[in-house]
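Protein chains in written order, with my numbering: chain H, 1 to 151; chain Z, 1001 to 1501.
Glycine included, C-beta positions come from ideal geometry on N, C-alpha and C.
For reference, the structure discussed in these notes is given below.
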C-alpha cells in the first residue's frame, strides 16, 4: 500500500513515540487515586491521550489522498546552529562573553557555504564588541566578560 | 464615577516624569525590535527583565508593557515595506500592506496602520478600565475547579485558533503540558522527567523553551530558504513621501479600524488569545463583509486597517487575564508575571485592590505609550527603513548571540543554553512536520497550575470529577470550551478555517 500523505503519517508516529516514552517514564511514578493523585497520575493520562491523538493522525494520513512528501531536514544549518549554541553554553563560564560571542558568530556562519571569510571575521569581532558594550557595560548583565585566566 | 476616579489616579501615576521617560524608552525599544525580524518582544523583555530589578514595580511594568505593544506596532513597518513580518502577528499585515507598498502607496499604508493602531489602543485602554474590575471581582469567587476549567478553556482556545489540524494542535498542547511537568512535583517532592540532572529539578525555565522553539527554530528554517529573497521597496523610497489619505481611502479604512478594534479587544481577553489571533479574525471578517472580496491580497486598504487595529487591541487586552486572574495567556504575559513576582506582587484579583497605583498607572500608561508611538514613529520611519536593509546573513548570528545571552542571564545557568539548542532542533522538526508551536507554549506555561488545580479540585470533591459540572461558573467555562471545539469541528467552518490560514 502506498502512503500519499507521508508528512502526517510521520507526524503521527512522532507523537506516538513521544507518548510511549513519557508513558514508560511516567509509569515509574506513584499513580495514587483520583482523590489523592500521585506524581504519576497526570503524566500517565497525558501520555495516553498523546498516543491516541498520534494514532488518529497516522490513521487519517493513511486514508488521506493529499500528496505530501516526507519533509527534508536541512541538516547543515540544524547541526551548525545547534553546535554553535552548545559550544557557547559549554565555555561561557570559563572563556567569557567576548570570546564566546566571537566563537558563536564564527561557527554559525558555517551554516551556509559561500560566505566571504573576511566578512565572517569582521562580523564576529563586531558582534562580540557590541555584545560586550551593550550587555556587560550598559545593561550590567551578570555574565563573565573575559576568560578566567585573564587575571 | 468610580471609573474616572480610577483613570485619574492612573494618569497621575503614568504622567510622572520618570514613568513617561521609561514608557518612552519601552515603546522605542519595542518598535526597534518589532521592526527587526528575528528579535521579538519576548526575547527583549526576557533580556531587560534583570535590568528592571532596581526600578519601582510600576515603572518596570510600564516599560516592559511598552516594549510589548511597541513591537506590535513596529512589526507592521517591516511587514509593509519588506514583506517580512517582524513579529508573528504581522503575517496578516503582509498580505495587503506589502501590496500597497508595491503600488507606491507605502506612505498611506504606514499612516493607516499608525492611526488604526492608535484608535485601537485607545479603545482597548477603555475596555481594560471598564472590564477588569468586574472580572477581578468574579475571579475572587474562583476556586480550584473554576481555575481548572478556565485554563482548559484557554488551551482549547489556543488549539482552535491554531493553524492546520485540530488534532495536531491538541497534541502540541499536551506535549507542552508534559514539558511543564519536568522538575520537582510540588505536592510530593518527586523528581519527574529530570533524568537525574540536578539543574532540571526546578523545571525548565520557559524562556529556554520559548527562545528555542520560536527563535532558534526560525533561524534554522530561514537558513534553509534561498538567500536574500526578500526585496525592499523601501530602499527606493518609492511612495514613502506621501503622508496623506485620499477621501476614498479614509472612507474605506475607518469602518475596518472600528471593527478590527472591537474584534481585537474581545479576542485579547480570552486566555490563549492575543495579537495574532485577533488579526486573523479581523482579516476574515473584512473579507467576508466586503462587496469586492477579490481586492483582498491586492492592496485592499481595509485588509490592512482592520488587522493592524485588531492586533494592537488584542495585544493590550491580553493584559486583562494576567492582571485580574493571574493567568498568562501568552509567553510575554508569563514574563510579566515573573516581573511582578520579583517585586513581591502576587498576580491575581487582589492586585487591583492592593496596588491600585500599579494597576491603573499601567493602564493609563498604555494610552500615553500609544500616543507616543504615533507622534514618534512616523518621523522615524526613515531610520527603520535603513535598519531593514541589513542582510539576514549578517543579522542571524547577532540574533543567535542575543538568544544565548538572554537564556544565560535569565537562568544564570550555562547548561540551559545547551537545553535551548535542543528545543531549537525540536521546534525545527515540529515546523517541518507542520505542527504549530503556540499551543505547546501555552500548555507549558499552564502545565504546573493546571495539574495543581486538578488535584485540589479532586481532593475537594473526594475524587469525583462531577465537581467541574456541578459548580455553575465552572460548568459555564467548560460549556464555552466545548462549544468552541464543536464549532471548529463543523465541516463548513473547518473548511473556511483552512482557507484563511
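query = List, in order along the chain, the chain Z residues whose C-beta lies closer than 8 Å to that of residue 57 of chain H?
reply = Here residue 57 of chain H corresponds to residue number 57 of the first chain, with the count starting at 1. Listed along chain Z are 1165, 1167, 1168 and 1171, each with a C-beta nearer than 8 Å to that of residue 57 of chain H.
Point to revise | DSSP state of residue 65 of chain H mapped onto helix, strand, coil | key: Reading the first chain from its first residue, position 65 is the one you call residue 65 of chain H. It is coil, neither helix nor strand.
Discussion item. Please identify, using Cβ separations under 7 Å, the residues of the segment 1455 to 1485 of chain Z that lie next to chain H, in order along the chain.
Written reply: For the segment 1455 to 1485 of chain Z, residues whose beta-carbon sits nearer than 7 Å to a beta-carbon of chain H comprise 1455, 1458, 1459, 1462 and 1463.
Of the choices Z/1377, Z/1174 and Z/1198, whose alpha-carbon is the least far from that of residue 1070 of chain Z?
Here residue 1070 of chain Z refers to the residue found at position 70 of the second chain. Taking only the C-alpha atoms, the option nearest residue 1070 of chain Z is Z/1377.
Quick check on residue 70 of chain H: buried or exposed, where buried means 16 or more other Cβ atoms within 10 Å of its Cβ?
Locating residue 70 of chain H in the first chain gives position 70, counting from the first residue. With fewer than 16 Cβ atoms within 10 Å of its Cβ, residue 70 of chain H is classed as exposed.
* Would you say residue 121 of chain H faces chain Z, with C-beta separation under 8 Å as the test? -> As a first step, residue 121 of chain H must be located in the first chain, where it is residue number 121. False, the Cβ-Cβ gap to chain Z never drops below 8 Å.
Please list, in chain order, the residues of the segment 26 to 57 of chain H that have any C-beta partner in chain Z closer than 9 Å.
26, 29, 30, 32, 33, 34, 35, 36, 37, 38, 39, 40, 41, 42, 43, 46, 47, 49, 50, 53, 54, 56 and 57
Residue 1230 of chain Z at chain H interface by Cβ criterion, 8 Å: One-based indexing of the second chain puts residue 1230 of chain Z at position 230. In this prediction, residue 1230 of chain Z has a pLDDT of 49, which is less than 50 and means its spatial position is unreliable; what the coordinates show is noted afterwards. No - not a single Cβ of chain H is within 8 Å of the one on residue 1230 of chain Z.
- [ ] Compare the C-beta of residue 1501 of chain Z with all C-beta atoms of chain H and state if any pair is closer than 8 Å.
- [x] In the second chain, counting from the first residue as 1, residue 1501 of chain Z sits at position 501. Unreliable placement is indicated for residue 1501 of chain Z, whose pLDDT of 45 sits below 50; the coordinate value is still reported in the next sentence. So no, residue 1501 of chain Z is outside the interface.
*For residue 18 of chain H, collect the residues of the same chain with a Cβ closer than 8 Å to its Cβ; drop the 5 residues on either side in sequence, then sort them by chain order.*
On the first chain, residue 18 of chain H is found 18 positions in, with the first residue counted as 1. Excluding positions up to five away in sequence, the list reads 50 and 54.
(request) Could you work out which residues of chain H lie near residue 1424 of chain Z, taking near to mean beta carbons separated by less than 9 Å? (result) In the second chain, the residue the question calls residue 1424 of chain Z occupies position 424. Correct list: 78, 81, 82 and 85.
(Q) Quick check: residue 1339 of chain Z and residue 1061 of chain Z, are their CB atoms within less than 8 Å of each other? (A) Counting from one through the second chain, the residue named residue 1339 of chain Z turns up at place 339. Counting from one through the second chain, the residue named residue 1061 of chain Z turns up at place 61. Cβ distance < 8 Å, so residue 1339 of chain Z and residue 1061 of chain Z count as in contact.
Output needed in chain order: residues of the segment 104 to 135 of chain H with a Cβ under 7 Å from some Cβ in chain Z. 104, 105, 108, 109, 111, 112, 115, 123, 127, 131 and 135
Inset, instruction - Name, please, each residue of chain Z whose Cβ falls closer than 7 Å to the Cβ of residue 7 of chain H. - result: The residue given as residue 7 of chain H occupies position 7 in the first chain. What residue 7 of chain H touches in chain Z: 1433 and 1434.
Exercise. Starting from residue 1184 of chain Z, follow its DSSP beta bridges and name the residues at the other end.
Key: Taking the first residue of the second chain as position 1, residue 1184 of chain Z is located at position 184. Bridge partners of residue 1184 of chain Z: Z/1191.
Find the nearest neighbour of residue 81 of chain H within the set Z/1220, Z/1208 and Z/1267, judged by alpha-carbon distance.
As a working note, residue 81 of chain H is residue 81 in the first chain. Nearest option by C-alpha distance: Z/1220.
Point to revise | Proximity to residue 2 of chain H [Cα-Cα], best of H/14, H/23 and H/61 | key: Taking the first residue of the first chain as position 1, residue 2 of chain H is located at position 2. Nearest option by C-alpha distance: H/61.
**Request:** Would you list the one or two residues that DSSP bridges to residue 5 of chain H?
**Result:** Indexing the first chain from 1 puts residue 5 of chain H at position 5. According to DSSP, residue 5 of chain H bridges with H/68.
Name the chain H residues that come within less than 9 Å of residue 1417 of chain Z, Cβ to Cβ? On the second chain, position 417 is the one that residue 1417 of chain Z refers to. Per Cβ cutoff of 9 Å: 85, 86, 88, 89, 90 and 92.
Give the secondary structure of residue 32 of chain H by DSSP, where H, G and I count as helix, E and B as strand, and everything else as coil. As a position in the first chain, residue 32 of chain H is number 32, starting the count at 1. Note: residue 32 of chain H maps to strand in three-state DSSP.
Taking the alpha carbon of residue 36 of chain H as the point to measure from, which residue in Z/1486, Z/1451, Z/1123 and Z/1484 has its own alpha carbon closest? Translated into positions along the first chain, residue 36 of chain H becomes position 36. When only C-alpha atoms are compared, the closest one is Z/1451.
Check your understanding: Near residue 132 of chain H, what residues of its chain come up, given a Cβ to Cβ distance below 7 Å and the 5 sequence neighbours on each side ignored?
Key -> Translated into the one-based positions of the first chain, residue 132 of chain H becomes position 132. Excluding sequence neighbours, residue 132 of chain H sits near 97, 98 and 145.
query = Which residues in the same chain have their Cβ closer than 6 Å to the Cβ of residue 985 of chain Z, if we skip the five residues on either side of it in sequence?
reply = In this structure chain Z extends from 1001 to 1501, so residue 985 of chain Z is not present and cannot be described.
* Scan the segment 56 to 75 of chain H for residues whose Cβ lies nearer than 7 Å to a Cβ of chain Z and list them as they occur along the chain. => Of all residues in the segment 56 to 75 of chain H, 56, 57, 71, 73 and 74 have a Cβ within less than 7 Å of some Cβ in chain Z.
Does the Cβ of residue 1483 of chain Z have 16 or more other Cβ atoms within 10 Å, making it buried, or fewer, making it exposed? The sequence position of residue 1483 of chain Z within the second chain is 483, counting from 1. Exposed, because fewer than 16 other Cβ atoms sit within 10 Å of the Cβ of residue 1483 of chain Z.
- Task: Can you say whether residue 1030 of chain Z is buried or exposed, counting buried as having 16 or more other CB atoms within 10 angstroms of its CB?
- Result: As a position in the second chain, residue 1030 of chain Z is number 30, starting the count at 1. Label assigned to residue 1030 of chain Z: buried.
Just to confirm before moving on: does the CB-CB distance between residue 89 of chain H and residue 1417 of chain Z stay below 8 Å?
Start at 1 with the first residue of the first chain, and residue 89 of chain H comes out as number 89. Start at 1 with the first residue of the second chain, and residue 1417 of chain Z comes out as number 417. Cβ distance < 8 Å, so residue 89 of chain H and residue 1417 of chain Z count as in contact.
- Between the beta-carbon of residue 1260 of chain Z and the beta-carbon of residue 1246 of chain Z, is there less than 8 Å? Stepping through the second chain from its first residue, residue 1260 of chain Z is reached at position 260. Stepping through the second chain from its first residue, residue 1246 of chain Z is reached at position 246. Going by C-beta atoms, residue 1260 of chain Z is not nearer than 8 Å to residue 1246 of chain Z.
Would you mind listing the beta strand (DSSP E) stretches within the segment 1335 to 1395 of chain Z that are 3+ residues and don't spill past its ends, in chain order? none
Measure how close the beta-carbons of residue 95 of chain H and residue 127 of chain H come, nearest whole angstrom, since I'm counting them as under 8 Å. Counted from its first residue, the first chain places residue 95 of chain H at position 95. Counted from its first residue, the first chain places residue 127 of chain H at position 127. Not really, about 15 Å apart at Cβ, beyond 8 Å.
In the DSSP assignment, the alpha helix (DSSP H) including residue 124 of chain H goes from what residue to what residue? What you label residue 124 of chain H is simply residue 124 of the first chain in a count that begins at 1. Taken as a continuous stretch (DSSP letters only), the alpha helix (DSSP H) holding residue 124 of chain H covers 117 to 131.
Point to revise | Residue environment, residue 1487 of chain Z, which counts as buried when at least 16 other CB atoms sit within 10 Å | key: Translated into positions along the second chain, residue 1487 of chain Z becomes position 487. Exposed, since its Cβ has fewer than 16 Cβ neighbours within 10 Å.
So, at 8 Å on beta carbons, what are the nonlocal neighbours of residue 1437 of chain Z in its own chain, with the 5 sequence-adjacent residues on each side left out?
Along the second chain, one-based indexing puts residue 1437 of chain Z at 437. Residues 1172, 1213, 1214, 1217, 1427, 1430 and 1431 of the same chain have their beta carbon placed closer than 8 Å to that of residue 1437 of chain Z, with the five preceding and five following residues left out of the count.
Rounded straight-line distance, which links the Cα of residue 1126 of chain Z to that of residue 1170 of chain Z: As a position in the second chain, residue 1170 of chain Z is number 170, starting the count at 1. As a position in the second chain, residue 1126 of chain Z is number 126, starting the count at 1. Approximately 34 Å between the Cα atoms of the pair.
For the putative contact between residue 1113 of chain Z and residue 1097 of chain Z, defined by C-beta atoms under 8 Å, what is the C-beta separation to the nearest angstrom?
For the purposes of this step, residue 1113 of chain Z is taken as the residue at position 113 of the second chain. For the purposes of this step, residue 1097 of chain Z is taken as the residue at position 97 of the second chain. Confirmed, Cβ separation roughly 7 Å.
Cβ atoms of residue 12 of chain H and residue 65 of chain H: under 8 Å apart, would you say? Translated into positions along the first chain, residue 65 of chain H becomes position 65. Translated into positions along the first chain, residue 12 of chain H becomes position 12. No.
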